[in-house]
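Asks:
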Amino acid sequence: MCSASGFGVLGGSCISYIAYSTGKYSICKGITDPQQEQDCIYRYVGTYDTSFVCSALSNATVGSNCYYLYASRSNVDNLTECSSIPESGLRLNCTDICTFNKASDTLNASYCSALPNSGNETPVYLFLNDSAG
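In my numbering, the protein residues as written are 2 to 134.
1. What is the DSSP secondary structure of Thr100, reduced to helix, strand or coil?
2. Can you grab the Cα-Cα spacing for the pair Ser111 / Ala104, in whole Å?
3. Suppose contacts are defined by Cβ-Cβ distances below 7 Å. Is Thr100 in contact with Cys83 by that definition?
4. Roughly how many angstroms separate the alpha carbons of Leu91 and Ser17, rounded to a whole number?
5. If you follow the alpha helix (DSSP H) that Cys29 is in, where does it begin and where does it stop?
6. Output the distance between the C-alpha atoms of Cys113 and Leu93, rounded to the nearest integer angstrom.
7. With a 10 Å radius around its C-beta and 16 neighbouring C-beta atoms as the bar for buried, classify Met2 as buried or exposed.
8. Just how far apart, CA to CA, sit Lys19 and Ile28?
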């Protein structure tokens with residue numbers, strides 16, 4: 002049996018591998034290092050039911066990042082996914098990305114009016130440039 006506390010990084014990697022291979026993200030909770038636990042759970046984002054995966058994270062900021070990661074990975078176009086994000090700044094960024102995705106998927110320019118227009122540094126601009134690179 003893997004023990005994250007007894008083997009440090011290797012133990013956390015062992016638990017992470019078993020968790021992902023078996024589809025049981027709850028095993029990640031056995032990792033004592035918070036960063037490794039977060040990384041283990043993040044592997045599931047977009048693969049399994051994200052609301053359950055992200056809600057398993059105890060830290061609200063980390064949970065917000067989890068939902069945001071899902072939104073950016075999955076071409077989310079459902080605002081209910083964004084409403085799950087506890088942190089308001091990330092929730093707004095997610096909403097902007099969702100609105101942009103709806104506009105691009107439907108080729109409907111009316112969605113564009115709901116997006117911020119503050120020069121090039123909008124969340125959507127940053128997201129698209131990050132995705133393209």
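Where a beta carbon is used, it is the ideal one built from N, C-alpha and C, also for glycine.
Replies: Quick answer:
1. helix
2. 7 Å
3. no
4. 26 Å
5. Looking at the DSSP string, Cys29 is not in any alpha helix (DSSP H), and its letter there is neither H nor E.
6. 15 Å
7. For Met2, the predicted model reports a pLDDT of 49, less than 50, meaning its position is unreliable; a value from the coordinates is still stated below. Under this definition Met2 is an exposed residue.
8. For the sequence presented, residue 19 should be read as Ile rather than Lys. Ile19 and Ile28: Cα-Cα distance of roughly 8 Å.
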